[in-house]
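Read the structure below first, then the notes.
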Amino acid sequence: MSTAAPSPRALRSDAVAGLSGELRVPGDKSISHRSLMLGALAVGETVVRGLLEGEDVLATAAAMRQLGAEVVREDHAGEAVWRVWGRGIGGLTEPADVLDMGNSGTSARLLMGLLATHPMTSVMTGDASLRRRPMKRVTEPLSRFGAEFWSREGGRLPLAVKGTGEAVPVTYETPVASAQVKSAVLLAGLNAPGETTVIETTATRDHTERMLGHFGASLTVEPHGPTGRRVTLVGQPELRAAPVVVPGDPSSAAFPVVAALITGDSHLILRNVGTNPLRFGLYETLKEMGADIILLNERVEGGEPVADLEIRSTGLTGIDVPADRAASMIDEFPILAVAAACASGTTRMNGLGELRVKESDRLTAMAEGLAACGATVTVEGDDLIVEGTGEPPRGGATIAVNLDHRIAMSFLVLGMVTREPVAVDDASAIDTSFPGFARLMNDLGARIRPLTETAAP
């Protein structure tokens with residue numbers, strides 16, 4: 000996988016009367032990454048259906064092959080089925096070449112956890128965006144197992160990992176609410192004797208814990224303080240291959256959901272969306288703003304809660320979003336800011352410091368982009384305040400997205416309701432999480448076109 004940046008692909012989005020139809024959003028990115036990694040550590044054949052085939056997850060698949068697992072994609076009557084033959088705990092082999100994580104921070108950080116407790120040396124890199132993102136928050140706790148790291152300043156990629164063959168278990172309290180840090184420590188603990196414990200003061204998404212249990216690991220999850228959790232994993236288990244059905248990604252679903260809420264006479268049904276309560280903060284927030292969202296056919300599949308979502312357009316009212324909800328919706332704040340710009344009254348989003356170290360500085364990107372489109376926006380420390388008028392802002396801007404897929408999709412959604420079209424300078428990064436986004440949205444009634452092409456009336 001090459002780290003060369005793809006050719007820029009500028010798109011524009013024009014206003015529409017409404018969206019309608021049924022759709023399935025791509026598979027959950029977080030669960031897709033973890034299914035490949037744990038499948039590579041399990042004994043036997045793991046069959047994964049519904050895997051997100053975006054560039055980020057494909058980077059994880061390629062890395063697991065380089066580390067000795069057999070990972071094969073098959074087509075069964077039009078359905079993609081992925082098969083992973085694992086190496087067992089401690090069985091990964093030293094890669095012959097550099098591990099290229101592309102744009103995927105999840106791949107890089109979780110994989111560091113696996114590499115930290117295998118006695119081998121690996122080198123990891125990524126694209127220009129990933130090479131700017133901080134990794135020290137992961138390398139610091141992983142060094143406690145006995146691993147060594149060499150990197151650019153601030154722990155940035157490219158980065159070399161010298162894993163240890165004599166790992167010691169650790170107890171680690173995370174200084175920031177980060178599922179990636181928690182997961183990296185737990186994955187390292189798989190190949191360490193004894194118990195590894197991660198303590199969170201604010202609970203983050205728990206896909207790693209759920210999937211570890213699904214594959215047969217022994218772990219306990221206990222409350223810690225008012226909003227935290229204490230997760231303890233028994234090291235050196237024998238993970239057993241287990242089938243995985245990946246639900247639709249609630250972070251990807253957020254874009255058509257908000258588009259339907261703010262565009263005129265809209266009615267959508269989204270099938271098979273993951274409703275994990277530690278990922279569902281956006282939907283709680285939208286309901287508090289007055290959104291018409293109904294969960295249908297609620298069920299549990301592969302240890303994860305799933306439902307169909309029915310959405311109808313409705314007026315939204317600004318609210319105060321508490322900081323302790325940020326961990327359950329950190330990836331959804333860009334699209335929430337778009338909803339807030341179309342709502343009545345003030346929406347204050349608190350405690351968004353983590354947005355500054357995503358694929359881009361999303362806090363600044365949303366504030367500047369919305370202001371360029373005519374919205375009234377203020378940043379106070381790590382808080383984002385959007386003053387809604389009950390009408391969409393005027394639009395009319397071209398947004399520099401800085402290789403950030405969620406910034407690109409958010410502003411394309413905004414263009415569906417603004418008086419003047421909204422464009423993004425490069426939509427190529429969308430393929431990392433939502434392949435076919437523009438086509439799918441256009442099938443529902445959107446008008447997203449190349450910037451040089453005139454939209455049909």
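Numbered by numbering that gives the first Met the number 0, the letters in the sequence shown go through residues 0 to 456 in order.
Cβ atoms here follow ideal geometry from the backbone N, Cα and C, with glycine treated the same way.
Distance between residue j and residue i (C-alpha atoms, nearest Å)
i    : j    : result
P7   : I429 : 12 Å
V412 : L22  : 16 Å
G380 : F214 : 42 Å
E283 : V337 : 16 Å
G53  : L218 : 30 Å
N441 : R347 : 31 Å
D248 : I334 : 15 Å
L281 : V257 : 10 Å
R239 : L57  : 23 Å
T105 : S29  : 8 Å
A60  : L439 : 25 Å
S409 : F254 : 7 Å
G289 : I398 : 29 Å
M365 : R405 : 10 Å
A371 : I384 : 15 Å
M123 : D99  : 6 Å
G77  : A146 : 43 Å
V457 : A252 : Shown here, the chain extends from 0 to 456; a query on residue 457 therefore has no answer.
R130 : S359 : 11 Å
A306 : S150 : 43 Å
P449 : R393 : 20 Å
V295 : P304 : It should be pointed out that residue 295 corresponds to Leu in this sequence rather than to Val. Answer to the nearest angstrom: the Cα atoms are 12 Å apart.
D323 : L351 : 10 Å
A241 : V169 : 27 Å
R43  : W84  : According to the sequence as given, residue 43 is Gly; it is not Arg. If you take the alpha carbons of G43 and W84, they lie about 6 Å apart.
W81  : A407 : 29 Å
R229 : P174 : 14 Å
Secondary structure of residue i, DSSP reduced to three states
i    : result
M123 : strand
A4   : Residue confidence for A4 is low, a pLDDT of 44 falling below 50, so the modelled location carries little weight; the figure read from the coordinates is stated next. In this structure, A4 counts as coil in the three-state DSSP scheme.
L98  : strand
L260 : helix
E165 : coil
N296 : strand
H223 : strand
T59  : helix
V175 : coil
I334 : helix
W367 : Sequence inspection shows Glu at residue 367; the Trp mentioned does not correspond to that position. In this structure, E367 counts as helix in the three-state DSSP scheme.
R132 : coil
R496 : Residue 496 lies beyond the residue range present for the chain, which begins at 0 and ends at 456; the question has no answer from this structure.
T274 : coil
D323 : helix
R143 : coil
T200 : coil
V412 : helix
Sequence-distant residues of its chain with Cβ nearer than 7 Å to residue i (five each side left out)
i    : result
E287 : I318
T203 : A176, S177, A178, K181, L277 and A326
D13  : G414, P420, R446 and A454
T231 : E194, T196, L218 and T219
Bridge-paired residues (DSSP) for residue i
i    : result
L267 : G20 and I310
L10  : V423 and P449
R155 : R151
L383 : M348 and V378
H75  : E78
D291 : R311
E44  : W84
G394 : E419
E303 : E300
Chain-order list of residues whose beta-carbon lies under 6 Å from that of residue i (same chain, five-residue window excluded)
i    : result
V243 : S34, V47 and G301
A187 : G112, A115, T116, L141 and F144
G389 : S343
M63  : L35, A39 and V70
L443 : L18 and G20
D118 : Residue identity check: residue 118 is Pro in the sequence provided, not Asp. Correct list, in chain order: G162 and G164.
P434 : G53
I261 : C341 and V416
V97  : V122 and T124
G395 : E419
G49  : G26, V244 and V245
G373 : P392 and R393
Supposed close pair residue i, residue j - CB separation, criterion 8 Å
i    : j    : result
T92  : G67  : 4 Å
P133 : G153 : 5 Å
P159 : T120 : Note that residue 159 is Ala in the sequence shown, not Pro. Indeed, because the Cβ distance is near 7 Å, the residues count as touching under 8 Å.
G26  : V299 : Rounded, the Cβ-Cβ distance is 17 Å, inconsistent with contact.
D291 : I310 : 7 Å
Residue i Cβ short of 7 Å to the ligand COA heavy atom set
i    : result
L281 : Of ligands this structure carries none, so the ligand COA is not represented either.
Same chain, Cβ closer than 8 Å to residue i, neighbours up to 5 away in sequence not counted
i    : result
T451 : A9
Q65  : P94, A95, D96 and L98
A216 : L189, L232, V233, P236 and L238
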